[in-house]
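Report on one structure; see the data block that follows.
Number of protein chains: 2
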Amino acid sequence: MATLNEKELMNEIPTYDALVVRFSTKVTIDVLLAATNLKVIACAGSYFGNVDLCAAKNLGVAVINAPIGDNLSACEYTCCLTMALARNTMKAMDLSIARHWDPSLYVGTELKSRTIAIIGLSEIAKKFARCMSVFKPFIMCYDSRYSASYCKRYSAIKMELNQIWPVADYIIIFSTPFGSNQTYINEEILRACKRGVKIIIIGKSNVFDTIAMMDALNTGHVSGAGLDMYDEDLTLLKQPIFNHPSVIASMHLGVQTEEAVMRCGQEAAEQLINLCFPGTYYTSQSTVVKFQDELPHLVTSNTC
Amino acid sequence: MATLNEKELMNEIPTYDALVVRFSTKVTIDVLLAATNLKVIACAGSYFGNVDLCAAKNLGVAVINAPIGDNLSACEYTCCLTMALARNTMKAMDLSIARHWDPSLYVGTELKSRTIAIIGLSEIAKKFARCMSVFKPFIMCYDSRYSASYCKRYSAIKMELNQIWPVADYIIIFSTPFGSNQTYINEEILRACKRGVKIIIIGKSNVFDTIAMMDALNTGHVSGAGLDMYDEDLTLLKQPIFNHPSVIASMHLGVQTEEAVMRCGQEAAEQLINLCFPGTYYTSQSTVVKFQDELPHLVTSNTC
Chain E
-8 MATLNEKELM NEIPTYDALV VRFSTKVTID VLLAATNLKV IACAGSYFGN
42 VDLCAAKNLG VAVINAPIGD NLSACEYTCC LTMALARNTM KAMDLSIARH
92 WDPSLYVGTE LKSRTIAIIG LSEIAKKFAR CMSVFKPFIM CYDSRYSASY
142 CKRYSAIKME LNQIWPVADY IIIFSTPFGS NQTYINEEIL RACKRGVKII
192 IIGKSNVFDT IAMMDALNTG HVSGAGLDMY DEDLTLLKQP IFNHPSVIAS
242 MHLGVQTEEA VMRCGQEAAE QLINLCFPGT YYTSQSTVVK FQDELPHLVT
292 SNTC
Chain C
-8 MATLNEKELM NEIPTYDALV VRFSTKVTID VLLAATNLKV IACAGSYFGN
42 VDLCAAKNLG VAVINAPIGD NLSACEYTCC LTMALARNTM KAMDLSIARH
92 WDPSLYVGTE LKSRTIAIIG LSEIAKKFAR CMSVFKPFIM CYDSRYSASY
142 CKRYSAIKME LNQIWPVADY IIIFSTPFGS NQTYINEEIL RACKRGVKII
192 IIGKSNVFDT IAMMDALNTG HVSGAGLDMY DEDLTLLKQP IFNHPSVIAS
242 MHLGVQTEEA VMRCGQEAAE QLINLCFPGT YYTSQSTVVK FQDELPHLVT
292 SNTC
């Protein structure tokens, strides 16, 4: 099924009450102005970034998403990135292609007994902590919302950010501690990190200073980064950091699985039906309302 | 520390009683003939492939190895390859380099509910089964040495090979079912496999027919392969299959971690001391003897 472009969508949309979209379909202000009948947009994934939330809010169009369906895929992908960084799998592929068969250049480290820090104990992060614990690392976590005993349920020790930087071998950023996508991994924080740290960022653009990160990668202070992010205008992705040999870059592949696509589509459809007939599906009406309530917060960084 | 080449080792060896080597040091027949005082060679890893076992046996030089020290590293690397194949991580890197940011081309699959078949329930395979079970796949295993109830301890269902081929999503080969490195993944077996199967081979050269495998990769019948192997003369590694976009190839990186290098060195040293003073270390004398007993078997494929 091909994705409709802006013009095609503008032609198609006027008669519709509801619109279900995946990330590649952009719901711009022009689409919304043409959608004279539209009451709700459902994003079939745990994102809103493809919808002009500001315009939707002003035009009284609700926006919901499917917040659960892709969590497991994102969790498994985070495990995948963690292991690939641990074992220099990508660098070793260059070795394969260049026929430089010197395994000693690609000596990795086990995960066992390494320190993995989780920033933001999201639902994905909780699953990730559970999965990684089988490899017996030390897991620590920063999330001001949760108590130390709550974090312990996920085998994680609650710590403050300034305690985490100097000890973590892996820092996994699931959500930003200071509101929406603010750049907070900067030169100062990177300097506070342990030499050789590996940093993984899941589904967040612009949370790190690309110049500071690039410098740290070049000196080896950061020994690897896994960047699975989306950026609507692709400006970030054009930067040279995404070609650095110690970086595994992918465009939001974390949620790109056959299973997640199916589950998110189903979840979005169930939420839409629940809007008309509350309680029809397990995906409760309250979840839908919650996302509508959160809209004002979500659009604070925009101009509306 | 640089590796001694054959000539340097021949000059150095005559006065020594014992030799500890890692994989990159080749103990050839000429080295052994020069080693007039040598009683034992200890390989600091779970391999013997760098030693001319046939010559060592004929010259009465014992060969021992460190069979346990690198198991965990090999296990973690096998998990790493499994996840990287599941999520098209390597192909997505090409996407990054070529700036083709179309995530839909790299839709992966979750491990949950997929079928993972283990061929050869080695110590590494047991650890691998334990680690992977956290992702909740179906695990099956072929190993004629073990009962169904024994396999169940590792969350694995014991099955025959012909039952495994048509159902497995992942086939992980830890040891060869029919004696030493015999080529047994051939055209017929690949044809019996489920379309889209992923095959991982850990530390075994020549167990698959490279032409049949290449054909199956080209048609997509095999959708990915992880080949972590060593081959002394590198002939195998020069084949084009190691450059196929669906192949993750590495030269025995499975055991290349800082931790494994340390543990294997320690294990080899402890085994050597146990030879003189049995029972000094937990690495028991019986393990050492066992490996000496196995030598006749290990050299059957050679000419001696």
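These protein sequences, in sequence, are chains E and C. Under the working numbering, the very last position in the first sequence is 295; numbers go up by exactly one each time. Under the working numbering, the very last position in the second sequence is 295; numbers go up by exactly one each time. The beta carbon of each residue, even a glycine, is placed where N, CA and C say it ideally should be.
* To do: Let me know if Leu102 (chain C) comes out buried or exposed under the rule of 16 or more other beta-carbons within 10 Å of its beta-carbon.
  => For this step, residue 102 (chain C) is matched to residue 111 along the second sequence. Label assigned to Leu102 (chain C): buried.
* To do: Inspect the CB distances between the segment 53 to 70 of chain E and the segment 255 to 264 of chain E and report whether three or more fall short of 8 Å.
  => Flag = yes, the segment 53 to 70 of chain E and the segment 255 to 264 of chain E touch.
* First and last residue of the alpha helix (DSSP H) that includes Asp219 (chain C)? -> Numbered from 1 along the second sequence, position 228 holds the residue referred to as residue 219 (chain C). For Asp219 (chain C), there is no enclosing alpha helix (DSSP H); the enclosing beta strand (DSSP E) has its first and last residue at Val213 to Asp219.
* Asked: Does any C-beta atom of chain C lie closer than 8 Å to the C-beta of Ile315 (chain E)?
  -> Examination of residue 315 (chain E) is not possible in this model, given that chain E is present from -8 through 295 alone.
* Pick from C:Asp134, C:Gly194, C:Ile193 and C:Ser237 that is closest to Met204 (chain C), judged by C-alpha positions -> In the second sequence, residue 204 (chain C) corresponds to position 213, counting from 1. Comparing C-alpha distances from Met204 (chain C) to each of C:Asp134, C:Gly194, C:Ile193 and C:Ser237 shows the shortest one belongs to C:Ser237.
* To do: Please list the partners that Ala75 (chain E) has in chain C, where partner means a Cβ-to-Cβ separation under 7 Å.
  => Counted from its first residue, the first sequence places residue 75 (chain E) at position 84. Counting only Cβ-Cβ distances below 7 Å, Ala75 (chain E) has contacts in chain C at Cys71, Ala75 and Thr80, in chain order.
* To do: Using alpha carbons as the reference points, say which of E:Asn49, E:Gly36 and E:Ala35 lies closest to Leu23 (chain E).
  => To locate residue 23 (chain E), count along the first sequence from 1; it is residue 32. Among E:Asn49, E:Gly36 and E:Ala35, the Cα nearest to that of Leu23 (chain E) is on E:Asn49.
* Over the uninterrupted beta strand (DSSP E) stretch that includes Met131 (chain E), give me the two end residues. => Indexing the first sequence from 1 puts residue 131 (chain E) at position 140. From DSSP, the beta strand (DSSP E) with Met131 (chain E) extends over Phe129 to Tyr133.
* Span separating the alpha-carbon of Asp206 (chain C) from that of Ala159 (chain C) -> The residue labelled residue 206 (chain C) in the question sits at position 215 within the second sequence. The residue labelled residue 159 (chain C) in the question sits at position 168 within the second sequence. Rounded to whole angstroms, Asp206 (chain C) to Ala159 (chain C) spans 19 Å at the Cα level.
* Host beta strand (DSSP E) of Tyr68 (chain C) (start-end) -> Here residue 68 (chain C) refers to the residue found at position 77 of the second sequence. Segment Asn62 to Ala77 is the alpha helix (DSSP H) holding Tyr68 (chain C); no beta strand (DSSP E) there.
* Asked: For Phe126 (chain E) and chain C, any beta-carbon pair shorter than 8 Å?
  -> Residue mapping note: residue 126 (chain E) aligns to position 135 of the first sequence, counting from 1. Look at Phe126 (chain E): its C-beta is under 8 Å from a C-beta on chain C.
* Asn56 (chain C) lies in the beta strand (DSSP E); which residues open and close that run? -> Here residue 56 (chain C) corresponds to residue number 65 of the second sequence, with the count starting at 1. Note, Asn56 (chain C): beta strand (DSSP E), Ala53 to Asn56.
* Asked: Met84 (chain C) versus chain E: which residues are under 7 Å apart at the beta carbon?
  -> The residue you call residue 84 (chain C) lines up with position 93 of the second sequence. Within chain E, Met81 and Ile239 have C-beta atoms less than 7 Å from the C-beta of Met84 (chain C), given in sequence order.
* Considering Tyr141 (chain C), what are the terminal residues of the alpha helix (DSSP H) in which it resides? -> Counting from 1 along the second sequence, the entry for residue 141 (chain C) is found at position 150. Looking at the DSSP string, the run of the alpha helix (DSSP H) that includes Tyr141 (chain C) is Ala139 to Lys143.
* Verify the CB distance criterion: does Pro94 (chain E) have a CB-CB separation below 8 Å to chain C? => Here residue 94 (chain E) refers to the residue found at position 103 when the first sequence is read from its first residue. The beta carbon of Pro94 (chain E) falls within 8 Å of a beta carbon belonging to chain C, placing the residue at that interface.
* Please say whether Leu263 (chain E) and Val31 (chain E) have beta carbons closer to each other than 8 Å? => Here residue 31 (chain E) is taken as the residue at index 40 of the first sequence, counted from 1. Here residue 263 (chain E) is taken as the residue at index 272 of the first sequence, counted from 1. The Cβ-Cβ distance between Val31 (chain E) and Leu263 (chain E) falls below 8 Å.
* What does Tyr161 (chain E) pair with, by DSSP beta-bridge criteria? -> As a first step, residue 161 (chain E) must be located in the first sequence, where it is residue number 170. BP columns for Tyr161 (chain E) point to E:Ile107 and E:Lys189.
* Asked: Taking Cβ to Cβ, would you say Pro128 (chain E) is nearer than 8 Å to Ile107 (chain E)?
  -> Within the first sequence, numbered from 1, the residue matching residue 128 (chain E) stands at position 137. Within the first sequence, numbered from 1, the residue matching residue 107 (chain E) stands at position 116. In this structure, Ile107 (chain E) lies closer than 8 Å to Pro128 (chain E) by Cβ.
* Asked: Does the beta-carbon of Lys143 (chain C) have 16 or more other beta-carbons within 10 angstroms, so that it is buried, or is it exposed?
  -> Working through the second sequence from its first residue, we reach residue 143 (chain C) at position 152. Under this definition Lys143 (chain C) is an exposed residue.
* Confirm, please, whether the CB-CB distance from Leu10 (chain E) to Leu(-5) (chain E) is below 8 Å. => The count along the first sequence starts at 1 and reaches residue -5 (chain E) at position 4. The count along the first sequence starts at 1 and reaches residue 10 (chain E) at position 19. For Leu(-5) (chain E) and Leu10 (chain E), no; Cβs fall outside 8 Å.
* Would Ser64 (chain C) count as contacting chain E if we go by Cβ distances under 8 Å? -> Translated into the one-based positions of the second sequence, residue 64 (chain C) becomes position 73. So yes, Ser64 (chain C) belongs to the interface.
* To do: Give every residue of the same chain whose Cβ lies closer than 7 Å to the Cβ of Glu178 (chain E), excluding the five residues on either side of it in the sequence, and list them in chain order.
  => For this step, residue 178 (chain E) is matched to residue 187 along the first sequence. If we look at Glu178 (chain E) and ignore the five residues flanking it on each side, its Cβ neighbours are Asp200 and Ala203.
* Asked: What are the boundary residues of the alpha helix (DSSP H) that includes Leu10 (chain C)?
  -> If you number the second sequence from 1, residue 10 (chain C) lands on position 19. Run containing Leu10 (chain C): none in the alpha helix (DSSP H); it sits in the beta strand (DSSP E), Ala9 to Val12.
* Neighbour list for Lys103 (chain C) in chain E, Cβ cutoff strictly below 8 Å -> For this step, residue 103 (chain C) is matched to residue 112 along the second sequence. Residues of chain E with a Cβ closer than 8 Å to the Cβ of Lys103 (chain C) are, in chain order, Leu63, Glu67 and Glu250.
* Does DSSP put Ile364 (chain E) in a helix, a strand or coil? -> As displayed, chain E neither begins before -8 nor continues past 295, which places residue 364 (chain E) out of reach and without an answer.
* Residues of its chain near Thr291 (chain E), where Cβ-Cβ distance is below 6 Å and the 5 sequence neighbours each way are ignored -> As a first step, residue 291 (chain E) is located in the first sequence; it is residue number 300 there, counting from the start. Note that Thr291 (chain E) scores 46 on pLDDT, short of 50, meaning its location in the model is unreliable; the coordinates nonetheless yield the value given after this. Shown here for Thr291 (chain E): not one same chain residue has a beta carbon closer than 6 Å to its own, the five before and five after excluded.
* Asked: Nearest chain C C-beta to Met253 (chain E) closer than 8 Å, yes or no?
  -> The residue labelled residue 253 (chain E) in the question sits at position 262 within the first sequence. Not flagged as an interface residue toward chain C: Met253 (chain E), since no C-beta distance is shorter than 8 Å.
* To do: Answer with buried or exposed for Gly217 (chain E), where buried requires no fewer than 16 other C-beta atoms within 10 angstroms of its C-beta.
  => Along the first sequence, one-based indexing puts residue 217 (chain E) at 226. Looking at its Cβ environment, which holds 16 or more other Cβ atoms inside 10 Å, Gly217 (chain E) is buried.
* Asked: Using CA coordinates, which residue listed in E:His243, E:Leu266 and E:Cys267 is at the minimum distance from Ser64 (chain E)?
  -> The sequence position of residue 64 (chain E) within the first sequence is 73, counting from 1. The candidate whose alpha carbon is nearest that of Ser64 (chain E) is E:His243.
* Cα-Cα separation, Ile110 (chain E) to Phe119 (chain E) -> To locate residue 110 (chain E), count along the first sequence from 1; it is residue 119. To locate residue 119 (chain E), count along the first sequence from 1; it is residue 128. Taking the straight line from one Cα to the other gives about 12 Å.
* Range of the contiguous beta strand (DSSP E) that encloses Phe240 (chain E) -> In the first sequence, residue 240 (chain E) corresponds to position 249, counting from 1. In the sequence under discussion, the amino acid at residue 240 (chain E) is Ala, which differs from the Phe named in the question. Its beta strand (DSSP E) spans residues Val238 to Ser241.
* Sub-8 Å separation of Met74 (chain E) and Cys70 (chain C) beta-carbons -> Here residue 74 (chain E) corresponds to residue number 83 of the first sequence, with the count starting at 1. Here residue 70 (chain C) corresponds to residue number 79 of the second sequence, with the count starting at 1. Less than 8 Å separates the beta-carbon of Met74 (chain E) from that of Cys70 (chain C).
* Using a Cβ cut-off of 7 Å, which residues of the segment 24 to 35 of chain E contact any Cβ in chain C, in chain order? -> For the segment 24 to 35 of chain E, the set of residues with a beta-carbon nearer than 7 Å to any beta-carbon of chain C is empty.
* To do: Take Ile130 (chain C) and list the residues in its own chain whose beta-carbon comes closer than 6 Å to its own, dropping the five residues that flank it on each side.
  => Sequence index remark: in the second sequence, residue 130 (chain C) carries index 139 (1-based). Apart from the 5 residues on each side of it in sequence, Ile130 (chain C) sits with its Cβ closer than 6 Å to the Cβ of Ile107, Ala120, Ser146 and Ala147 in its chain, given in chain order.
* To do: State the Cα-Cα distance for the pair Ile162 (chain E) and Lys185 (chain E), rounded to the nearest angstrom.
  => Position 171 of the first sequence, counted from the start, is the residue given in the question as residue 162 (chain E). Position 194 of the first sequence, counted from the start, is the residue given in the question as residue 185 (chain E). Ile162 (chain E) and Lys185 (chain E) have their alpha carbons spaced roughly 11 Å apart.
* Asked: Skipping 5 residues on each side, what residues in its chain have a beta carbon closer than 6 Å to that of Leu181 (chain C)?
  -> Within the second sequence, numbered from 1, the residue matching residue 181 (chain C) stands at position 190. Closer than 6 Å at Cβ, skipping near neighbours: Ala203 and Ala207.
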